[in-house]
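K.L.:
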Amino acid sequence: MIVPKYFEDFDHLHVNTMPNRAYYIPASRRMEDLVENREASDRFFLLSGDWKFRYFTSVYDVKEEFFAEGYDTSAFETIPVPSVWQNYGHDHHQYTNVRYPFPVDPPYVPYENPCGAYVRMFEWKKQEEAPRAFLNFEGVDSCFYVWMNGSFVGYSQVSHSTSEFDVTDFLKDGTNTIAVLVLKWCDGSYLEDQDKFRMSGIFRDVYLLARPEKGIRDYFVKAAPDASYQNGEVSIAITWNDGEPQEGTAKLFDAENHLVAEAAFGGDTVQMHVKDAHLWNAEEPYLYTLVLETAGEVITDHVGIREIHAKDGVLYLNGVKIKFHGTNRHDSDPVTGFAISLAQIKKDLKVMKEHNINAIRTSHYPNAPYCYQLYDRLGFYVVDEADNESHGTEAVYSNYTTWEEYAKNWNKLIANNPVFTEATVDRTQRCVERDKNRPSVVIWSMGNECAYGCTFEAALKWTKEFDPTRLTHYEAARYVDDPKKYDYSNLDLYSRMYPSLEEIKKELVEYGDKPYIMCEYCHAMGNGPGDLEDYFELIHSEEKMCGGFIWEWCDHAIDMGKTIEGKKMYAYGGDHNEYPHDGNFCMDGLVYPDRTPHTGLMEFKNVHRPVRVTGYDAEKGTLTIKNYMNFVNLKDYAVLGYEVLVDGEVTESGKITDEALLELAAGCEKTIPLAISVLPEQGKCALKVTWYQKHATELVPEQFELGFEEVPVETKDNQNQKAKAMMKHPERTASFGWKEDDHFLTISTDQFSYTYNKFTGLFEEMCYANQNLLDRPMELNIWRAPTDNDRNIKNTWMRAQYDRTVTRAYETTAREEDGCVEIETSYSISSPALQRILAGVIKWTIYGDGTTDVHVEAKKDLVFPVLPRFGLRLFLPDSFAKLTYCGLGPVESYVDKHQASYHGVFHSTPAEQQEDYIRPQENGSHYDCDYASLANDRVVLTAVGEKTFSFQASVYTQEELTEKAHNYELKPCGSTVFCIDYRQAGIGSASCGPMLLEKYQLKENEIKFAVRLKPELL
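Residues 26 to 1043 (our numbering) are what the sequence shown spells out, left to right.
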């Protein structure tokens, strides 16, 4: 074999790498731009770019010394670095969540272990003031060997960490050749079983740093406020190259570049005092500039003065209780994979800030090092997670029959196996050492979903001894055979994934000595999550809850180009015929792969609006508001805009920008004047209060909408007047034509002709003003295309055959009375081979102008599960494409997912109503509507009721949405599908979480539903 088998050797995690150190970019002068332009340093030499590349299906196929000087690489192709080779036609994409993609036999990996040979030539000239050279790889998956000018330099692993080599003695003035062999798998892959697409290659930057012979090797900044939180104390522990201290100066500048502290040093420590310090937090991310200067080198860094601690189970930052409203973020892009550029990460952070996200968990590995400088600058709290997940050890074959048995034995193979202690501690150290100077990092996380044991006890012990200034986290500490056997003393937080509200309440009592954090909750898969408001209320009612992190930020997908029709095609698990795979479980983000927000992100934004209305007195004209920020005074952050809506239409609007009125400290509440000029006597009235960004920040422009709230305002009747008018009894003066046989009953006038199917109790045809209102017979409807969050109950629904129902009528009576026709039918809904699901009576009243009322009563057999929905389904001709509705919009809304919506009058089309989830599913419904109308150029058909209802207008059937696996496969049905629902079940987040809350389930055993269908000429 051409290389030593370090890749299957626990005793050789790294060969010839330098000791871990903090990330920084040295220069010969002070650097002002540490992130966007680090290449400006005269000591930084970027080797990223085009490299020569050859792919091998197995490392055992590499026979020639491609790394030798003068080796002919003319047959190699060219590949960009950073990148992953699966995106360049090599190997195949694979998505798996839990299961390892290879046999579980550590430290061994398959002989068919793909690898890539990389070669690049570059020019180098030794600098007199900085003659030493250090080669840095910021990310290589999974392990790599490196040569310089034909000589072996070293080996390393841990994909998402920096590996540094001293290559001073390998370089020469002039042309040099670097060669790298990257393997897809190594023994470290057993600790990199994260829920993601599995990709390989040099996926982060490669560069050389020129350094002086003597000088700073590493430094650890601890910057914290004093006990009064008025002043700052900055201490710096310095490690020197070759252990020889040098003389130098440390200077600290404020944000206006004023020198605030200075110290000379010639040893291992520096102390500086900052009077009247500006403290760092995510709302006010104030940074000082630190300049460390020694002979021949200047290191520039940013410093944030802050402290974090827990006391009596409550989390404090700078002495203030804080809440995380965060997200889990993977490196993922449909085109570049997990090779993420600066522009891509900044786009993520911009969208996050626009949607009130204040915290990031780097799931489940450290991000590129410069990302943390952005987090510092832009204001995010960070849970920095080590590159460690061995989830697949849970999935090995066993005779266990319960989850409890699996959980108790999960830790045996790796987490509680001393053989893995060195590797586990190494991964923690590489994360902590690199990012230790970043103020945004407030919590160290040991990894994810590995269970617990001696390996993590050692990692936690080292972490707390090395850095007691931050908190520690590890959710999987709860998965052990016997908790009494293990040491949890170095774990600062009690962490859970996807707990139910009831579990949280119980555990707050049982484990209340530590702050409670949800490292993952409200699984944002497809149409969801639907329970954000419920979690928000609990988070803010319990001071020991410090918040949580939504799973997750983005949908993971592979860009497959476009269809002939121009529709974007995205692939997920299984689309590359890989095994094992976990289907579309990677499509679980708050944003689509291209970062277009899901409606779930819009929901998150408004749930976490910075200010909430806690009361409104319309008679007194006073509004009570609470500032939910942790640090910022409202007057410095936002201005208020308001609208008065009556029956969905704006009747009045205004703004409040007076700082005296908006003077409101963080966490406090006050009452301000806000009077409606003319209170309406009638109608459904609401005050919509919207908060706007007062001053532009780097990511959020001035006047950007931060969130809104809709406050009901009482009137005499609290009824939508347009709906009320449409519900008036039509004139009863018509003369009806009447035609009936055993199957059909046709009722007609000069204006309309309706044919009633006595076998179903529903209308077969409806024609009004010579316009067909129905393309297909009307249906009673209890099915919806399962959402991703229905993925568990879907099987129950399908076992009950809710997707295959038929309606049967029994006895029908019809009579003409008092100028209208009344039809009454007893009916049932059932499925093939099963008994009745529902049974009841449906009553129709047809008026002379074509208006038709329906009253449905239903009683469900208690043996059947809760329903997805209950209502009518109409198939209108596709010419009925002009939609107007008054209800919760403009985005989709459900009983538990409507915080991003408000009551208004909205205009759209059925095609525009499609929320185009990559795996098709239920979407586009609107909750709490007074009326909904669909029109063509001549006729409008309106659904309206005494009580509000939900509706949906779509170009797709629920059968099409159920059947198709990808959105680009969808075919319009040729009709406008108009669903008018008593209601739908809520959305929840049960794709990976608790079942839908009972209050959002459609579990009524008796239903009464009434709606009017009103056709009119335009």
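Just so it is clear, CB atoms sit at the ideal spot from N, CA and C, and this is done for glycine as well.
Since ASP921 contacts SER1000 with CB under 8 angstroms, what's their CB separation in whole angstroms?
P.N.:
Position 896 of the sequence shown holds residue 921. Position 975 of the sequence shown holds residue 1000. Not really, about 29 angstroms apart at Cβ, beyond 8 angstroms.
K.L.:
Taking DSSP as the reference, what is the three-state secondary structure of ILE1074?
P.N.:
Since the first and last residues shown for the chain are 26 and 1043, residue 1074 lies out of range.
K.L.:
Figure out for me which residue from LEU995, LYS741, LEU160 and THR494 has the closest Cα to the Cα of ALA248.
P.N.:
Along the sequence shown, read from residue 1 onward, the residue named residue 248 stands at position 223. Taking only the C-alpha atoms, the option nearest ALA248 is THR494.
K.L.:
For SER357 and TRP149, I'd like the C-alpha separation in whole angstroms.
P.N.:
Within the sequence shown, numbered from 1, the residue matching residue 357 stands at position 332. Within the sequence shown, numbered from 1, the residue matching residue 149 stands at position 124. Near 34 angstroms, if we compare the C-alpha coordinates of TRP149 and SER357.
K.L.:
Relative to the C-alpha of TYR341, which residue among ILE468, GLY929, ARG634 and ASP409 is closest?
P.N.:
Within the sequence shown, residue 341 is the residue found at index 316, counting from 1. For TYR341, the nearest C-alpha among the options comes from ILE468.
K.L.:
In whole angstroms, what is the alpha-carbon distance linking GLU250 and THR121?
P.N.:
On the sequence shown, residue 250 is found 225 positions in, with the first residue counted as 1. On the sequence shown, residue 121 is found 96 positions in, with the first residue counted as 1. The identity of residue 250 in the sequence shown is Pro, whereas the question assumes Glu. Straight-line Cα distance between these residues: approximately 45 angstroms.
K.L.:
If distances are taken between C-alpha atoms only, which option among TYR872, VAL831 and MET654 comes closest to ALA864?
P.N.:
Within the sequence shown, numbered from 1, the residue matching residue 864 stands at position 839. Ranking the options by Cα distance to ALA864, first place goes to VAL831.
K.L.:
Taking its Cβ as the centre, do 16 or more other Cβ atoms sit within 10 Å of GLU545, making it buried, or is it exposed?
P.N.:
Your numbering for residue 545 matches position 520 in the sequence shown. Buried is the call here.
K.L.:
Here's a check: name, in chain order, each residue in its chain whose Cβ is nearer than 6 angstroms to the Cβ of THR909, leaving out the five neighbours to either side.
P.N.:
The count along the sequence shown starts at 1 and reaches residue 909 at position 884. Excluding residues within five positions, the ones whose Cβ falls inside 6 angstroms are HIS932 and SER958.
K.L.:
Run through the segment 232-259 for me and flag every whole beta strand (DSSP E) of 3 or more residues, listed as ranges in chain order.
P.N.:
Runs found: 241-250.
K.L.:
Do THR649 and PRO698 have their C-beta atoms within less than 8 angstroms of each other?
P.N.:
For the purposes of this step, residue 649 is identified with residue 624 of the sequence shown, where counting begins at 1. For the purposes of this step, residue 698 is identified with residue 673 of the sequence shown, where counting begins at 1. No.
K.L.:
Just reading off the beta strand (DSSP E) that THR909 is part of, what are its end residues?
P.N.:
If you number the sequence shown from 1, residue 909 lands on position 884. From DSSP, the beta strand (DSSP E) with THR909 extends over 907-914.
K.L.:
Does VAL109 pass the burial test, meaning 16 or more other C-beta atoms within 10 Å, or should it be called exposed?
P.N.:
Within the sequence shown, the letter at position 84 stands for residue 109. Classification for VAL109: buried.
K.L.:
Is it the case that the segment 459-467 contacts the segment 321-329, given that we only count it when at least three CB pairs across the two stretches are under 8 angstroms?
P.N.:
With a cut-off of 8 angstroms, the segment 459-467 and the segment 321-329 count as touching, because enough Cβ pairs lie within range.
K.L.:
What three-state label does DSSP hand GLU985 in the structure shown?
P.N.:
Taking the sequence shown and counting its residues from 1, the one referred to as residue 985 is at position 960. Reduced to three states, the DSSP call for GLU985 is helix.
K.L.:
So for ARG816, helix, strand or coil by DSSP?
P.N.:
Translated into positions along the sequence shown, residue 816 becomes position 791. If DSSP states are grouped into helix, strand and coil, ARG816 belongs with coil.
K.L.:
Return the CA-CA distance between GLY732 and GLY553, expressed in angstroms with no decimal places.
P.N.:
As a first step, residue 732 must be located in the sequence shown, where it is residue number 707. As a first step, residue 553 must be located in the sequence shown, where it is residue number 528. Cα to Cα, the separation comes out at about 19 angstroms.
K.L.:
Check whether the Cβ of MET56 lies closer than 8 angstroms to any Cβ atom in chain C.
P.N.:
Given the protein chain composition of this structure (a single chain), no chain C is represented.
K.L.:
What does the alpha-carbon distance come out to for the pair MET570 and LYS1028?
P.N.:
By 1-based counting over the sequence shown, the position of residue 570 is 545. By 1-based counting over the sequence shown, the position of residue 1028 is 1003. Answer to the nearest angstrom: the Cα atoms are 31 angstroms apart.
K.L.:
Give me, in chain order, the residues of the same chain whose beta-carbon lies closer than 7 angstroms to that of LEU516; leave out the 5 immediate sequence neighbours on both sides.
P.N.:
Numbered from 1 along the sequence shown, position 491 holds the residue referred to as residue 516. Correct list, in chain order: LEU485, THR497, TYR499 and ALA502.
K.L.:
For ARG757, name the three-state secondary structure that DSSP assigns.
P.N.:
Position 732 of the sequence shown holds residue 757. If DSSP states are grouped into helix, strand and coil, ARG757 belongs with coil.
K.L.:
When you compare only the Cα positions, how much space is there between MET1056 and HIS283?
P.N.:
A question about residue 1056 goes unanswered here, because the residues of the chain that appear run from 26 up to 1043.
K.L.:
Between the Cα of LEU712 and those of GLU734, VAL408 and ARG634, spot the shortest distance and give me the residue it belongs to.
P.N.:
Looking up residue 712 in the sequence shown gives position 687. Among GLU734, VAL408 and ARG634, the Cα nearest to that of LEU712 belongs to GLU734.
K.L.:
What does DSSP give as the partner residue(s) for GLU790 in the beta ladder?
P.N.:
Along the sequence shown, read from residue 1 onward, the residue named residue 790 stands at position 765. In DSSP, GLU790 forms a bridge with THR780.
K.L.:
Give me the DSSP bridge partner(s) of PRO105.
P.N.:
On the sequence shown, position 80 is the one that residue 105 refers to. DSSP lists ASP75 as partners of PRO105.
K.L.:
By the three-class DSSP mapping on this structure, what secondary structure does TYR617 have?
P.N.:
Numbered from its first residue, the sequence shown carries residue 617 at position 592. Correct three-state label for TYR617: coil.
K.L.:
Which whole-angstrom value is the C-beta distance of HIS350 and GLY673, which I expect to be below 8 angstroms?
P.N.:
The sequence position of residue 350 within the sequence shown is 325, counting from 1. The sequence position of residue 673 within the sequence shown is 648, counting from 1. In fact, because the Cβ distance is near 30 angstroms, the residues do not count as touching under 8 angstroms.
K.L.:
Quick one: which unbroken beta strand (DSSP E) runs of 3-plus residues sit fully inside the segment 687-772? Chain order, please.
P.N.:
Counting only runs of 3 or more, we get 694-698, 710-718, 730-738 and 762-765.
K.L.:
Please check the pair GLN924 and HIS606, which I expect to be a contact at CB under 8 angstroms, by giving their CB distance rounded to whole angstroms.
P.N.:
The sequence position of residue 924 within the sequence shown is 899, counting from 1. The sequence position of residue 606 within the sequence shown is 581, counting from 1. Not confirmed; about 34 angstroms, so no contact.
K.L.:
Work out the CA separation of LEU438 and ASN424 for me, nearest whole Å.
P.N.:
By one-based count along the sequence shown, residue 424 stands at place 399. By one-based count along the sequence shown, residue 438 stands at place 413. Distance between the alpha carbons of ASN424 and LEU438 is about 16 angstroms.
K.L.:
If you draw a straight line from the C-alpha of TYR422 to the C-alpha of PRO131, how long is it?
P.N.:
The count along the sequence shown starts at 1 and reaches residue 422 at position 397. The count along the sequence shown starts at 1 and reaches residue 131 at position 106. The straight-line gap from Cα to Cα measures roughly 15 angstroms.
K.L.:
Are the Cβ atoms of LYS630 and HIS380 separated by less than 8 angstroms?
P.N.:
Numbered from 1 along the sequence shown, position 605 holds the residue referred to as residue 630. Numbered from 1 along the sequence shown, position 355 holds the residue referred to as residue 380. For LYS630 and HIS380, yes; Cβs fall inside 8 angstroms.
K.L.:
Fully enclosed by the segment 607-677, which alpha helix (DSSP H) runs are 4 residues long or longer?
P.N.:
Runs of the alpha helix (DSSP H) inside the segment 607-677: 624-632 and 659-662.
K.L.:
Just to confirm my understanding: we take ASP886, look at its own chain, exclude 5 residues before and 5 after, and list those with CB closer than 7 angstroms. What are they?
P.N.:
For the purposes of this step, residue 886 is identified with residue 861 of the sequence shown, where counting begins at 1. Counting only Cβ-Cβ distances below 7 angstroms, and skipping sequence neighbours, we find GLN860, ARG861 and ILE862.
K.L.:
Can you tell me whether GLU1041 is helix, strand or coil according to DSSP?
P.N.:
Mapped onto the sequence shown, residue 1041 falls at position 1016. In the structure shown, GLU1041 sits in a strand (DSSP, three-state: E or B).
K.L.:
Kindly indicate which three-state DSSP category ASP878 falls into: helix, strand or coil?
P.N.:
Counting from one through the sequence shown, the residue named residue 878 turns up at place 853. Here ASP878 sits in strand by DSSP.
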